[in-house]
Amino acid sequence: MEDELFRRPRKKKRSYSRPAFLVPTLLFAGIICGLWLWRGLFPDEPRFNYILISVNQEPQKILPGETLAIHPTDKVKVLEISTNILLNRNIRLESEGFDVKALQNEEMAVSLLLPNQDMYNHYQFNVQVMWEDRELGNTNWDIQPYAEDWLDKADKTTDSDKKIALLEQSLKTLPDDSRVQKKLIDEYIAQKLWKKAAPMLEKAAKEKPNEEILTKLLKVYNATSNKTKALSVMESLLKLNPDNLDLRLQYAEKLEEAGQKKTAIREYEVLLKRVGTNKDKLSLNKRLGYLYSEAKEYQKAIVCYLNAAKLDKGDANLYYNLSYLYDKTNKKADATAYLEKAVSLNTKDVDSRLALAQDAVNKGDTKKAEAHLAQILKEKPDSVKALLLKAQLVEKQGDKKQLVEIYKKILSQDKNNATILYNIAALYYEAGDYKSSLDYFKRYMNLNPKDTGAHEFVFDIYRRLKDDKMAFNEAQTLIGLKNNKPDIYNFMFDYLSRQGNYNEIIRVMEQGLKVNPNQIELRRYLLSAYLKTGKDDLAIGQMEELLKAKPNDISLMKNMARLHEKKGRYTKAVELYKRIINISPGDEEAQEAYLRLRLKTVGQGGS
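Residue numbers (full-length UniProt numbering): 1 to 607.
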């Protein structure tokens, strides 16, 4: 009851009416959301916007088609893939040969995902953004080490071949990196691989010529003896640095080697005007003097050598050159003067002193000639040329005894010097020392067995020594050498006559007449031998030949008539006597013989 007392009376609930449009609204909203969700999950044109990645904790956004350049040691993580796909449903990253998906889960060094984890290579991966089985777009990831990495590794590589291989690989990876190119070129040069260095340097010089590149290229061309290209490079270097005198000197020398002497002279002349030290001026004047001499510009050469001589008075070669040049320009006195200066510095120059001595002899300056010869013989006592020249002086002075001694010194150096042997023999002959003369003539004739002059001397010496037998042998030798002087036959006739060897006289004289048919004396000798051997008819034949030469020889005709009478040929004897009477009417002997033989011929009926 009490509950009832305290029970409040209940209010009557108010009834509400719900709007009629709420359900349709919710339904429409549901439809819209469904459509949005559907379009978000299945858009008509799915689109890839970008990839956001962290590279060493630095965010980078990569748009479709862009290239990401990263280093193999970079730590990378894929932070976001932006697409128009709701919640990136079924969106994934793919790349052939590169596990890019791993980077979506954690940050890691790229090198860990490379093939064989080889960071020293150049990799290019195409990273595709896939939606289900459809590619929405892609980015390119370019992964390669820096030039510093390659260079550092090359520096740590001690094997030359491996170092070059590494640098060649790095150049393929970084073909445009000048540091790698330079390092490889330097290594090629260090290993003397000129043919590999040349094309790289040539390309570099063509693209961007500078002094360093051209200097290296010059070194390569010099090493390969490519003179033409070396000269071209030097020209380019001089254009870059015209004040480089060392290079200009090398250029001039290279021009000279290449035979371009006129151009070389021009460059040396430029250098001569620009150098400051006397040492350089001396060297350049010497070089120009030589080149002008070669070009036969003797006067210019003289000027250069004179300038050099002012700077170096002790260089004998300068005076030799000046002597030669003055001789070429027909200034003989100057040529001699400078040659004397040269030999005063070069006391051992025997040949030049000989030339000076000969010049002094030719000029009649005996004193100067003797001074030069004394110096020569002091340096070289056995100089044959000096001794010969001294002999020439002594001969003019008439000192034959000293001349023989000089000749003997020469002969001690040249035992088979035929001229000296002959001269000694002749000097002994003139001095009356026939035995000594004979010894030297024999030595001479061993070398010149057919010298008739020497045999004549020997023939005469044997006669003077009363050695008729040897003289006769020499006479025979002379005849064999076609020496038909009358005194030879005279001696042979006398010698053989004393021996009573008339048959040998006949042989010798008959042989002599074959060669000298007009020698009357030979016929007389032959006639005498015929008469001594009773060969009357042969004797008559020689008489007839003698009468042709001397038709009025009465004595010869009388002897011939007697032989005819002896042979019973009286008519011929009468004719000869009649000729005698006609020539000499008062010849009683002929008249008497003529009458006697006439009576005899009449009595015999003219026999």
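Positions of the beta carbon are idealized from the N, C-alpha and C atoms, including for glycine.
Nearest-angstrom Cα distance between Ile213 and Asp176?
Each residue's Cα considered, the two are about 16 Å apart.
Residues bridged to Gly137 (per DSSP)
Gly137 pairs with Val129.
At which residue ranges does the stretch 536-605 contain complete alpha helix (DSSP H) runs of 4 or more residues, listed in the order of the chain?
DSSP runs (the alpha helix (DSSP H)) wholly in the stretch 536-605: 536-549, 554-566, 570-583 and 588-603.
Name the residue from Lys450, Arg274, Lys331 and Ala223 whose alpha carbon lies nearest to the alpha carbon of Pro242.
For Pro242, the closest alpha carbon among the candidates Lys450, Arg274, Lys331 and Ala223 is that of Arg274.
At the level of alpha carbons, what is the spacing between Lys450 and Leu481?
Whole-angstrom Cα-Cα distance: 7 Å.
Report the three-state DSSP secondary structure of Ala109 (helix, strand or coil).
Reduced to three states, the DSSP call for Ala109 is strand.
Do you know how far the Cα of Glu267 is from the Cα of Asn121?
If you take the alpha carbons of Asn121 and Glu267, they lie about 51 Å apart.
Taking C-alpha atoms, which residue in Gly314, Ala301 and Lys331 lies nearest to Asn321?
The shortest C-alpha separation from Asn321 is found at Ala301.
Nonlocal neighbours in the same chain, by C-beta distance under 7 Å from Met1, ignoring five residues either side:
With a pLDDT of 40 at Met1, under the threshold of 50, the modelled position of this residue cannot be trusted; read the value that follows with caution. Excluding sequence neighbours, Met1 sits near nothing in its chain.
Taking the beta carbon of Ser178 as the centre, do at least 16 other beta carbons fall within 10 Å, making it buried, or is it exposed?
Counting C-beta atoms within 10 angstroms of its own C-beta, Ser178 has fewer than 16 neighbours from the protein chains shown and is therefore classed as exposed.
Locate the beta strand (DSSP E) running through Ile51, then write down its first and last residues.
Element bounds for Ile51: Phe48 to Val55.
For residue 653, does the three-state DSSP call read helix, strand or coil?
With the chain represented from 1 up to 607, any question about residue 653 goes unanswered, as that position is not in the structure.
Among residues of its own chain, excluding the 5 on either side of Ala426, which ones have a beta-carbon nearer than 8 Å to its beta-carbon?
Cβ within range, chain order: Ser437 and Phe457.
Can you find the residues in the same chain that come closer than 8 Å, C-beta to C-beta, to Thr601, ignoring five residues on each side of it along the sequence?
Correct list, in chain order: Tyr570, Thr571, Val574 and Ser607.
If I measure Cβ to Cβ from Ile520 and keep anything under 6 Å in the same chain, skipping five residues before and after, which residues do I get?
The residues are Ala549.
Using 10 angstroms around the beta-carbon of residue 627, count the other beta-carbons present and answer buried if the total reaches 16, otherwise exposed.
Missing from the structure shown is residue 627; the chain here goes from 1 to 607 and no further.
Using 10 angstroms around the beta-carbon of Ser412, count the other beta-carbons present and answer buried if the total reaches 16, otherwise exposed.
Answer is exposed; the Cβ neighbour count stays below 16.
Could you tell me the alpha carbon to alpha carbon distance between Asp118 and Ala190, rounded to whole angstroms?
Approximately 29 Å between the Cα atoms of the pair.
Compare the C-alpha of Asp315 against each of Leu325, Glu297, Tyr324 and Val343 and name the closest.
Among Leu325, Glu297, Tyr324 and Val343, the Cα nearest to that of Asp315 is on Val343.
Mark Val110 as exposed unless 16 or more other C-beta atoms lie within 10 angstroms of its C-beta, in which case mark it buried.
Under a 10 Å Cβ-count criterion, Val110 is classified as buried, with 16 or more other Cβ atoms of the shown protein chains found around its own Cβ.
Presumed contact (8 Å Cβ cut-off) between Lys156 and Leu167, rounded CB distance:
Taking 8 Å as the upper bound for CB-CB distance, Lys156 and Leu167 are not in contact here, some 13 Å apart.
Within 7 Å, strictly: CB atoms of Leu576 and Met560
Yes, the Cβ-Cβ distance between Leu576 and Met560 is below 7 Å.
Simplified DSSP state of Ala198, which is helix, strand or coil
In the structure shown, Ala198 sits in a helix (DSSP, three-state: H, G or I).
Relative to the alpha-carbon of Glu565, which residue among Ile540, Gly586, Asp587 and His372 has its alpha-carbon at the smallest distance?
Of the candidates Ile540, Gly586, Asp587 and His372, the one whose C-alpha sits nearest the C-alpha of Glu565 is Ile540.
Since Leu231 and Leu255 are thought to touch, with beta carbons under 8 Å apart, how far apart are those beta carbons, to the nearest angstrom?
7 Å between Cβ atoms; contact.
Close-in-space but distant-in-sequence residues of the same chain around Trp194 (CB under 6 Å, 5 per side omitted):
Exclusion of the five residues before and after Trp194 leaves Val220, Ala223 and Thr224 as the residues of its chain whose Cβ lies within less than 6 Å of its Cβ.
Counting C-beta neighbours from all protein chains within 10 Å, is the total for Asp349 16 or more, i.e. buried, or is it exposed?
Around the C-beta of Asp349, 16 or more other C-beta atoms lie within 10 Å, and the residue is accordingly described as buried.
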